[in-house]
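Comments concern the structure below.
Residue numbers (this note's numbering), protein chains in the order written: chain A, -15 to 66; chain B, 811 to 945.
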C-alpha cells in the first residue's frame, strides 16, 4: 500500500472541513484507483468526485496516470474563475 | 505578465504596461462581480485558487495565445479573496499590431482562463447563504 495526500479546494474543502486528505491505496496506483478509494474513504466527497479532475504535479491527469507518494495531487472541482 | 493577487487590480497601470511601439491596438477586458445571476442576488464573492497550478496554467494560456497571434505584451491578473458587486476580479490586457488580433486574443485568453485555471468563486447571498460555483 502507498499513502497519497490529496489537496482539496472550494466545495471539496468545505465538505471535508480540511484542505487535504490522505488515503491508502494498493501499489501501483493510478488516478482511477485513487478516485475509487477517495470515494470509499470519504463519503462526503463521493457526489462531487465524478465532476472533479485530478491534477498531478500541477497538470490535469487521466484516470490511467500512475501515481507515487511524492506526487503533488489535487482534487480540482469544476473551475469558476473570471 | 501573470499574477494572482489579493489586492485591487490597477487596470490603468496594467493597460499602460502592455503598450508597445510596434502595437497599434490594446484591448483590456475586465471581469467584475455581477449582482444578479438569474434570480439569485449576490452581495459578494469569495475567490480561491490553487496558486502554483493556476500560475502554470495562466503561463500556458499566454504561450498558447502567443502561438496564434503576434502579441506584443500580455497581462493576466486574477484577484483572490472577497470582492463586492462591481469590483474587478480579473483583468486581461493585450497589445497587438492590429485591433482585430488584439480583440481575438483577449477573447481567447479570458475564455481559456475561465475554462482551465484552478480558481473558484463562492456566491454569498443577502440572506447569508453561500454556495461554491461549480458549473
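Backbone N, C-alpha and C fix where the C-beta goes; we use that ideal spot for every residue, glycine too. Model, not experiment: these values are computed from the prediction.
Of the choices the options, whose alpha-carbon is the least far from that of residue i?
| i | options | result |
| --- | --- | --- |
| residue 880 of chain B | B:909, B:843, B:945 and B:844 | B:909 |
| residue 816 of chain B | B:921, B:891 and B:933 | B:891 |
| residue 905 of chain B | B:875, B:859 and B:855 | B:875 |
| residue 26 of chain A | A:1, A:49, A:37 and A:13 | A:1 |
| residue 895 of chain B | B:811, B:847 and B:836 | B:847 |
| residue 858 of chain B | B:812, B:921, B:932 and B:941 | B:932 |
| residue 66 of chain A | B:822, B:828, B:844 and B:827 | B:844 |
Does DSSP classify residue i as helix, strand or coil?
| i | result |
| --- | --- |
| residue 2 of chain A | coil |
| residue 825 of chain B | helix |
| residue 32 of chain A | coil |
| residue 39 of chain A | strand |
| residue 20 of chain A | helix |
| residue 874 of chain B | helix |
| residue 26 of chain A | coil |
| residue 921 of chain B | helix |
| residue 846 of chain B | strand |
| residue 54 of chain A | coil |
| residue -5 of chain A | helix |
| residue 927 of chain B | coil |
Would you verify that the beta carbon of residue i is, or is not, closer than 8 Å to some beta carbon of chain A?
| i | result |
| --- | --- |
| residue 944 of chain B | yes |
| residue 816 of chain B | no |
| residue 853 of chain B | no |
| residue 752 of chain B | No information on residue 752 of chain B is available, as it lies outside the stretch 811 to 945 that chain B covers here. |
| residue 950 of chain B | Absent from the structure is residue 950 of chain B, since the part of chain B shown begins at 811 and ends at 945. |
| residue 920 of chain B | yes |
| residue 862 of chain B | yes |
Can you confirm whether residue i, when its beta carbon is compared against all beta carbons of chain C, has any partner nearer than 8 Å?
| i | result |
| --- | --- |
| residue 893 of chain B | Given the protein chain composition of this structure (A and B), no chain C is represented. |
Compare the C-beta of residue i against all C-beta atoms of chain B and say whether one is closer than 8 Å.
| i | result |
| --- | --- |
| residue 62 of chain A | yes |
| residue -2 of chain A | yes |
| residue -7 of chain A | yes |
| residue 4 of chain A | no |
| residue 19 of chain A | no |
| residue 16 of chain A | no |
For the segment -14 to -7 of chain A and the segment 3 to 23 of chain A, state whether three or more C-beta atom pairs, one from each stretch, are separated by less than 8 Å.
-> Short answer: they touch.
Name, going along the chain, the residues of the segment 922 to 937 of chain B whose beta-carbon falls closer than 8 Å to a beta-carbon of chain A.
-> Correct list: 923, 924, 925, 926, 927, 928, 929, 930, 931 and 932.
What residues in the segment 841 to 852 of chain B have a beta carbon less than 7 Å from any beta carbon of chain A?
-> Within the segment 841 to 852 of chain B, the qualifying residues are 841.
What residues from the segment 869 to 882 of chain B come within 7 Å of chain A, judged by C-beta to C-beta, listed N to C?
-> Those would be none; no residue qualifies.
Just checking, does the segment 860 to 869 of chain B make contact with the segment 917 to 928 of chain B on the three C-beta pairs under 8 Å criterion?
-> As far as the Cβ criterion goes, the segment 860 to 869 of chain B touches the segment 917 to 928 of chain B, which means the pair count is three or higher.
Three CB pairs or more closer than 8 Å across the segment 25 to 41 of chain A and the segment 831 to 844 of chain B | No: fewer than three Cβ pairs fall under 8 Å.
Determine which residues of the segment 40 to 63 of chain A have a Cβ less than 7 Å from any Cβ of chain B, and write them out in chain order.
-> Hits within the stretch, in order: 42, 58, 60, 61, 62 and 63.
Stretch-stretch touch, CB-based, cutoff 8 Å, three pairs: the segment 42 to 57 of chain A with the segment 818 to 828 of chain B | Counting C-beta pairs with one atom in each stretch, the segment 42 to 57 of chain A and the segment 818 to 828 of chain B have fewer than three that are closer than 8 Å, which means they do not touch.
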